[in-house]
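Presented below is the structure to which this report refers.
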Amino acid sequence: MEIESNFSDPVTLGLWYSAGRTIARNLDIPVLGRSTDLSLWGTIKPISSFVISPELSYAHMDYPDGTEIFEGYIFRTKFNYQFTRELMARLVMQYDDFDRNFDIEPLLSYKLNPFTIFYIGSTHAYEKFDHHDGLTQIQQQFFLKLQYLVGL
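Take the sequence shown: its letter number 116 is residue 115 in numbering that gives the first Met the number 0, and every next letter is one higher.
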């Protein structure tokens with residue numbers, strides 16, 4: 000079942016729900032279990048150049064006897080800000096309850112012309128461990144990219 004509402008330009012909302020029998024493929028021996036999946040998403044535009052896009056995805060699965068195979072959620076929010084036609088900033092933040100990871104991915108892009116875009120960004124991954132409070136950084140990456148369309 001899917002429901003989506005576009006009741007106003009600054010706010011759109013959506014919901015997706017599914018329940019039934021599904022194969023658990025992540026097990027050593029796949030099994031047919033009962034699953035429930037739910038996704039909620041939206042788009043919020045406080046001003047025309049700034050867009051916030053939150054999304055929550057929940058999944059639960061049980062063995063046929065009712066014992067749990069897995070349960071968790073992923074919460075992701077994307078922020079886009081268009082400074083000018085050429086300059087855009089994006090920030091993606093995501094928490095994965097299954098792996099207990101938190102990711103932050105900032106990106107800045109500059110469109111030199113319609114065929115050339117320059118990107119600079121990074122990814123930062125954090126994990127929550129049981130034996131201490133807070134998050135521990137487990138990965139960090141920085142990158143530059145120049146995208147150029149070559150006509151042949």
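Idealized CB from N, CA, C, for every residue including glycine.
Quick caveat, the model's predicted, so the values are computed rather than measured.
- Message: Residues in the same chain with beta-carbon distance under 6 Å from H59, minus the five sequence neighbours each way, listed in chain order, please.
- Response: T35, E70
- Task: Apply the 10 Å Cβ neighbour rule to G32 and answer buried if 16 or more other Cβ atoms are within range, or exposed otherwise.
- Result: buried
- Do we get a CB-CB distance below 8 Å when we pair T122 with the residues of chain B? Absent here is chain B; the protein component of the structure consists of one chain.
- Query: Between the stretch 11-31 and the stretch 48-67, do at least 3 Cβ pairs fall closer than 8 Å?
  - Reply: yes
- Query: If you draw a straight line from the C-alpha of T42 to the C-alpha of K110, how long is it?
  - Reply: 24 Å
- When you compare each of I116, G120, V30 to E152 by their alpha carbons, which one comes out closest? Outside the shown range of the chain, which is 0 to 151, sits residue 152, and nothing can be said about it.
- Flag this pair as yes or no: are the beta carbons of M87 and Q81 separated by less than 8 Å? yes
- Message: Among the candidates N100, P53, D102, whose CA atom is the shortest distance from the CA of K44?
- Response: P53
- Message: Just to confirm the assignment, what range does the beta strand (DSSP E) spanning E70 have?
- Response: 67-81
- Using DSSP bridges, identify the partner residues of L143. I119
- Message: Taking the straight line between their C-alpha atoms, what separation do you get for S38 and F117?
- Response: 33 Å
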